[in-house]
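>
Here it is, written out as structure tokens:
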């Protein structure tokens, strides 16, 4: 998607909220595959947490994600089916090789392959 707003995240958010209002529906799938900065990822995570919606699919290329961002994601964002986190995690992030997180609506398998 090409945007012409000064702040592309606010522009995309405005369009998404407008479309959700028109069709009276929620966004169910989120895919962040561009190289987003840590501040952009944090902004997106905060917006997702405010929606109070269980997303069915979430994909993130997480080369620029911080430990705080990952902790915020797993504590505050509901995923009902699939969460796919691609890339290298920060070295400071503590995780098990294969771990399960339970969200209110489903179980998400998180595999951190090396």
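Residue numbers (the numbering used here): 8 to 121. Ideal Cβ placement from N, Cα and C applies to all residues, glycine included.
1) Taking only the alpha-carbon atoms, compute the straight-line gap between residue 12 and residue 93 and give it to the nearest angstrom.
2) Go ahead and label residue 84 buried or exposed: buried means 16 or more other beta carbons lie within 10 angstroms of its beta carbon, across all protein chains shown.
3) Using DSSP with H/G/I as helix, E/B as strand and the rest coil, what is residue 1?
4) Check the DSSP bridge columns for residue 56 and list the partner residues they point to.
5) When you compare each of 42, 76, 70 and 36 to residue 58 by their alpha carbons, which one comes out closest?
6) Relative to the C-alpha of residue 39, which candidate in 67, 28, 52 and 45 has its C-alpha closest?
7) Going by C-alpha to C-alpha distance, which of 97, 98, 19 and 75 sits closest to residue 34?
8) Between the beta-carbon of residue 79 and the beta-carbon of residue 52, is there less than 8 Å?
9) Can you grab the Cα-Cα spacing for the pair residue 45 / residue 70, in whole Å?
10) Looking at residue 99 and residue 74, is the spacing between their C-beta atoms short of 8 Å?
11) Please classify residue 30 as buried or exposed, where buried requires at least 16 neighbouring CB atoms within 10 angstroms.
Reading it off the structure:
1) For this step, residue 12 is matched to residue 5 along the chain shown. For this step, residue 93 is matched to residue 86 along the chain shown. Near 28 Å, if we compare the C-alpha coordinates of residue 93 and residue 12.
2) Here residue 84 corresponds to residue number 77 of the chain shown, with the count starting at 1. That one is buried.
3) Since the first residue of the chain shown is 8 and the last is 121, residue 1 is not available in this structure.
4) Position 49 of the chain shown, counted from the first residue, corresponds to residue 56. Residue 56 has no beta-bridge partner at all, per DSSP.
5) Start at 1 with the first residue of the chain shown, and residue 58 comes out as number 51. Of the listed residues, the one whose Cα sits closest to residue 58 is 36.
6) Stepping through the chain shown from its first residue, residue 39 is reached at position 32. Closest option to residue 39, Cα to Cα, is 67.
7) Taking the chain shown and counting its residues from 1, the one referred to as residue 34 is at position 27. Out of 97, 98, 19 and 75, 19 has the C-alpha closest to the C-alpha of residue 34.
8) Within the chain shown, the letter at position 72 stands for residue 79. Within the chain shown, the letter at position 45 stands for residue 52. Yes, Cβ-Cβ distance for residue 79 and residue 52 is below 8 Å.
9) Mapped onto the chain shown, residue 45 falls at position 38. Mapped onto the chain shown, residue 70 falls at position 63. Each residue's Cα considered, the two are about 9 Å apart.
10) Against the chain shown, residue 74 aligns to sequence position 67. Against the chain shown, residue 99 aligns to sequence position 92. Closer than 8 Å, so yes.
11) Looking up residue 30 in the chain shown gives position 23. Label assigned to residue 30: exposed.
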